[in-house]
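Structure first, then comments.
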Amino acid sequence: MSNVLSLPFDQYQRYRLVADVLERLRQGEQPLRILDVGGRTGVLREFLEHDDITLVDMEASDERGLVLGDGCQLPFRDESFDVVACFDTLEHIRPARRKKFVRELWRVTGKWAVIAGPYRTGRVEAAEKTLERFMSKKLGIEHRYLREHIEYRLPQRREVEQQLFDLGGQVASLGHGNLDRWLACMCMSMYMDSDAHLRPLARSFFKFYNRSLYDSDHAAPVYRHVIVAAFGGAEAPDVEGLFAAPRAPEGTLGKITDLGLKLAGFDRAKGEWEKDRKRLVTARSELTERLAEHGTSLKEIAAERQSQEQVISTLRGDLAGHKETVAQARAELKEQRAALKRAVAERKAGAKESSQAIKVLEKDLKEHGRTLVAREAEATAARGDFAQLESESLAAEAQAAEAIATLEADLAEHRTSLTELGGELDAARSAQVLLEEQLREGEAQAAAAVGALEQDLGEHQASLAERDAALEQALAAFGELEAEAASQVAEQSKVEAELKGELEEHEAALGELAAELEKALASYGELEAERESEAADQEALAESLAAEASRARGDFKAAEEEALSAREQQAEVVAALEADLLEHRNTVEALEEEAGALRVAQGELEDDLARQASESAEVALALEADLSEHGAALEALSAETEEARGAHAQMEELLETERGQQGEVVAALEADLAEHNAEAKGLRKELKRAVKAHGKLEQELLSQGEQQAEVVAALEADLEGHRTATEVLEGELTAARADYGELEEAYEKLEGDRGSEREQQAEVVAALETDLAGHRERLAEVELDLAGHKKSLKERDGLAETLRGELAAHRQQTEDLRGEAQALRDNMEQLGTSVAAYQENQTQLERALAATGEEAQAIQAELRAALAEVQRLAREVAARDGVIDTQAAALADRWGNLKRALGAGRGETAGSASSAEED
1 MSNVLSLPFD
11 QYQRYRLVAD
21 VLERLRQGEQ
31 PLRILDVGGR
41 TGVLREFLEH
51 DDITLVDMEA
61 SDERGLVLGD
71 GCQLPFRDES
81 FDVVACFDTL
91 EHIRPARRKK
101 FVRELWRVTG
111 KWAVIAGPYR
121 TGRVEAAEKT
131 LERFMSKKLG
141 IEHRYLREHI
151 EYRLPQRREV
161 EQQLFDLGGQ
171 VASLGHGNLD
181 RWLACMCMSM
191 YMDSDAHLRP
201 LARSFFKFYN
211 RSLYDSDHAA
221 PVYRHVIVAA
231 FGGAEAPDVE
241 GLFAAPRAPE
251 GTLGKITDLG
261 LKLAGFDRAK
271 GEWEKDRKRL
281 VTARSELTER
291 LAEHGTSLKE
301 IAAERQSQEQ
311 VISTLRGDLA
321 GHKETVAQAR
331 AELKEQRAAL
341 KRAVAERKAG
351 AKESSQAIKV
361 LEKDLKEHGR
371 TLVAREAEAT
381 AARGDFAQLE
391 SESLAAEAQA
401 AEAIATLEAD
411 LAEHRTSLTE
421 LGGELDAARS
431 AQVLLEEQLR
441 EGEAQAAAAV
451 GALEQDLGEH
461 QASLAERDAA
471 LEQALAAFGE
481 LEAEAASQVA
491 EQSKVEAELK
501 GELEEHEAAL
511 GELAAELEKA
521 LASYGELEAE
531 RESEAADQEA
541 LAESLAAEAS
551 RARGDFKAAE
561 EEALSAREQQ
571 AEVVAALEAD
581 LLEHRNTVEA
591 LEEEAGALRV
601 AQGELEDDLA
611 RQASESAEVA
621 LALEADLSEH
631 GAALEALSAE
641 TEEARGAHAQ
651 MEELLETERG
661 QQGEVVAALE
671 ADLAEHNAEA
681 KGLRKELKRA
691 VKAHGKLEQE
701 LLSQGEQQAE
711 VVAALEADLE
721 GHRTATEVLE
731 GELTAARADY
741 GELEEAYEKL
751 EGDRGSEREQ
761 QAEVVAALET
771 DLAGHRERLA
781 EVELDLAGHK
791 KSLKERDGLA
801 ETLRGELAAH
811 RQQTEDLRGE
821 AQALRDNMEQ
831 LGTSVAAYQE
841 NQTQLERALA
851 ATGEEAQAIQ
861 AELRAALAEV
871 QRLAREVAAR
881 DGVIDTQAAA
891 LADRWGNLKR
901 ALGAGRGETA
911 GSASSAEED
């Protein structure tokens with residue numbers, strides 16, 4: 001029985017009531033065979049451990065031996081059990097099936113049927129509707145079973161008793177659970193069950209009620225009745241002495257009242273806590289969003305850093321390529337210079353050889369003149385033969401056109417052999433042009449290298465601008481940290497204001513409690529007056545009913561004397577009147593019982609009022625003591641607030657000082673940046689043709705990466721600071737939850753709560769000091785960055801000097817190349833003059849050689865050879881003509897076949913088309 005004391009009081013009521021009744025029905029030590037209809041929870045087994053209990057329900061559970069079945073059609077034989085019982089089940093059955101349900105209980109029981117639950121009265125239905133509104137509007141809970149009570153309406157006890165009586169049973173009813181107390185306890189029970197922190201308190205409340213109030217909680221009006229029907233000669237239960245007197249033990253109601261007041265105070269505090277919780281949840285979500293934004297910023301910075309590293313690697317590759325290209329250009333330039341020198345030397349040697357050859361040719365020309373005179377006679381003799389050959393050649397001229405062209409080409413080759421010196425001269429000119437083109441290409445490559453260097457310099461300046469932007473972002477983040485520190489100071493002042501407001505609210509709540517006590521006393525007086533008026537009304541109603549009954553009797557006697565002839569027809573009317581009279585008498589008895597119960601309740605109320613008056617005096621004294629303690633606590637809090645304000649003022653001064661220092665640092669950085677931009681512009685103008693600047697640019701890019709890494713580290717430190725602030729807020733939220741979870745003891749432990757609040761303030765101050773230390777570290781990092789900037793500027797000065805020297809060397813090399821190019825142009829002009837003279841001599845030699853007879857003989861021999869070749873070609877052409885004729889005949893045959901095939905296909909197509917048209 002000790003375990004069942006932890007059951008909810010409403011569940012304990014119905015099972016304990018039936019268990020006590022069955023103990024009165026037990027005969028000897030023989031266990032009872034009991035059927036629990038709708039008992040899938042198996043709670044009855046905990047009250048009657050030694051009896052044989054069978055469970056039947058329409059819903060499944062883990063209870064052993066559960067039989068699935070409908071209470072309106074039980075799967076058991078007639079009279080299978082000693083007892084058939086149901087607990088708060090009949091009201092969940094639709095009204096049209098309730099009589100069938102009760103009849104099934106009667107069928108399977110052998111001795112007793114027990115039906116426990118609420119039955120319909122106006123006050124019971126009003127109480128259930130009040131409970132349903134409390135659960136739906138206050139707790140936001142839709143109670144399924146309570147909704148079924150309201151939808152189906154509760155069964156009528158008299159109808160159930162009459163049905164059991166008509167089935168042959170001896171019927172007795174027993175009520176339990178004072179209705180007003182049931183409603184109040186149900187509201188408190190549901191409220192405590194809705195909050196996980198209050199459920200242990202609810203279990204303690206259930207144990208208190210089940211142990212201390214159950215035996216006496218049966219004063220009318222009651223919420224629940226148990227109807228017991230005995231069948232087959234079984235004895236009806238003897239319920240005499242089953243309960244204690246219907247008067248609550250001394251001090252029990254006061255504890256329940258105290259619990260109700262504390263729950264009311266807890267509900268008010270919970271409302272405030274919900275507001276604070278929503279505010280903290282909002283703040284946490286905002287911090288989470290900020291943290292996500294910082295994470296996104298870090299990812300973007302990491303992506304930018306990765307892209308910059310890729311750009312740096314690309315620039316390094318470009319730099320290596322530029323270095324290689326410059327080296328190749330220099331080597332090619334050296335080779336071109338050497339080749340140009342060799343070509344000039346060769347051309348000079350060739351010019352000497354040409355002059356010598358010209359002299360030799362002049363000698364040969366004189367000899368050819370003498371030979372020409374000797375051979376003119378031979379030419380005259382050969383003119384006849386030549387005329388004959390000329391006629392033959394004219395006959396074959398049409399066929400030998402290509403051969404003549406070939407001969408002319410051969411003649412051109414012979415002439416080419418005479419113009420080799422002219423070709424060499426042309427080659428010298430083309431070599432000169434080539435050298436000039438190579439020189440221009442070298443200059444273009446140098447210009448491209450300078451342009452690439454200028455582009456690299458522009459990219460470097462862009463990366464410097466990006467680094468400046470990153471620095472500005474870091475400064476902006478620092479400004480955000482300052483704003484967050486200011487917001488934390490504002491939040492601290494807000495916390496102080498909220499503490500003061502909470503103190504004032506506690507004082508107001510104490511005043512409200514005193515006012516509520518006075519209202520409760522007044523409401524008790526009004527309730528007592530209402531009950532006295534209700535008792536008077538009920539007595540007047542009883543008198544009027546008695547008068548109506550006497551008048552009904554007189555009317556009945558008169559009607560009996562007047563209607564002796566119609567006795568059989570009016571027998572039913574008489575029976576109806578007797579039934580109504582019986583109901584009136586029962587009503588009068590019930591009203592008398594209720595009047596007696598009201599008198600008893602009136603006495604209890606008077607005792608409760610006297611006791612509560614004494615308790616109110618004690619509470620007033622305790623409240624005055626608490627008020628004095630609150631005053632002292634308020635003074636202590638005021639002193640601590642002044643101290644906190646002083647600390648805040650000091651922190652604000654420190655923050656202002658740091659802001660001034662940071663402003664100076666920012667101004668210095670901006671000045672350095674301005675100087676850097678000016679120097680960068682100067683370097684941009686001076687380094688247009690620099691070639692060797694990439695090595696040091698790599699160092700600067702590496703230092704840039706290190707600075708960006710430092711910025712990322714600083715941002716990560718800021719993020720860590722935000723995480724620390726989030727952890728502090730979460731700690732505050734946990735502390736707030738703990739404080740609100742202990743609201744049951746809030747009135748006795750107010751000083752302890754104030755101590756925890758001071759600890760929270762100390763934590764906030766510590767968090768602010770931590771942020772201040774982080775700002776100082778950031779300031780030191782910025783100073784280190786400034787020193788690094790100055791060092792990098794010095795390195796750039798040295799780099800600028802080096803680049804200026806290299807630029808001067810490049811300019812000197814360019815001047816040297818231009819001088820060499822001018823000398824080459826002069827040499828080429830001299831070579832051109834020599835070649836022109838050579839070409840003129842060559843022309844004269846060609847004219848002289850054209851008149852020689854040797855050329856005529858050579859031409860004749862060539863003509864003969866050409867004639868033979870033409871004849872051979874004619875034979876080949878004839879053979880090819882035969883092949884062509886054969887192929888043409890074959891093609892003509894194929895073309896004819898194709899035409900015939902096409903003609904046949906067109907005929908078939910036309911025929912099919914005509915047949916298709918006929919179809």
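For what it's worth, this note's numbering labels the leading residue of the sequence shown as 1, then goes sequentially.
By construction, the Cβ of each residue, glycine as well, lies at the ideal position given by its N, Cα and C atoms.
Predicted model only: the values in this text are computed from it and were never measured.
Shortest Cα-Cα distance from A60 to any of E869, M192, Q163, G39 involves G39. Remark: C-beta atoms of D238 and H176 do not approach each other more closely than 8 Å. Using a Cβ distance threshold of 8 Å, V43 and Y15 count as a contacting pair. Taking the C-beta atoms as reference points, L167 is found no nearer than 8 Å to V21. In this structure, DSSP gives R94 a state outside helix and strand, which the three-state scheme calls coil. Here C86 is bridged, per DSSP, to V37, I115.
Pairing G241 with R24, the inter-Cα distance amounts to about 11 Å. Each of A483, A497, E441, S6 was checked against the Cα of A329, and the nearest Cα belongs to E441. Only residues of its own chain outside the window of five on either side were considered, and among them V108 have a CB closer than 7 Å to the CB of S80, listed in chain order. Here A127 is buried: its Cβ has 16 or more other Cβ atoms, across all protein chains shown, within 10 Å.
In the structure shown, R133 falls within a helical segment according to DSSP collapsed to helix, strand and coil.
Distance check between L873 and each of E402, R77, L7, D816 places E402 closest, using alpha-carbon atoms only. Looking at the DSSP output, Q73 bridges to D70. A straight line joining the alpha-carbon of Q310 with that of L298 spans about 18 Å. Within the same chain, Cβ atoms closer than 7 Å to the Cβ of R181 are found at D217, the five residues on either side in sequence being excluded. If you look at I150, you'll find it in the alpha helix (DSSP H) that goes 144 to 152. If you check the CB distance, H225 and R123 do not come in under 8 Å.
In the pairwise beta carbon analysis, the region 204 to 218 is classified as not touching the region 86 to 104: fewer than three pairs are separated by under 8 Å. If you draw a straight line from the Cα of G110 to the Cα of L139, it is about 45 Å long. With a cutoff of 8 Å on beta-carbon distance, L105 and V83 are scored as not near each other.
Contact check for F76 and L90: beta-carbon distance about 18 Å, past the 8 Å limit, so the pair fails to qualify.
Under the three-state reduction of DSSP output, L242 falls in the coil class, being neither helix nor strand. P8 sits away from S212, with the two beta carbons spaced by 8 Å or more. Cβ-Cβ separation between E125 and L154: approximately 7 Å, consistent with a contact (criterion under 8 Å). For the options T130, I884, K341, the alpha carbon positioned closest to that of R825 is the one of K341. If you draw a straight line from the Cα of K262 to the Cα of M135, it is about 19 Å long. Here W112 is buried: its Cβ has 16 or more other Cβ atoms, across all protein chains shown, within 10 Å.
Residue pairing by DSSP places N178 opposite V222 in a beta bridge. Rounded to the nearest angstrom, the gap between the Cα atoms of T833 and Q844 is 17 Å. Take T54, set aside five residues on each side of it, and the residues of its chain with a beta-carbon closer than 6 Å to its own are L35, in chain order. Residue pairing by DSSP puts D57 in a beta bridge opposite L68. Take the alpha-carbon of E63 and the one of D51: they are about 16 Å apart. In this structure, the beta-carbon distance from E161 to I227 falls below 8 Å.
With a beta-carbon spacing of about 6 Å, M192 and L201 fall inside the 8 Å limit used to define contacts. Less than 8 Å separates the beta-carbon of V222 from that of L179.
Cα atoms of T886 and L898: separation of roughly 18 Å, rounded to the nearest angstrom.
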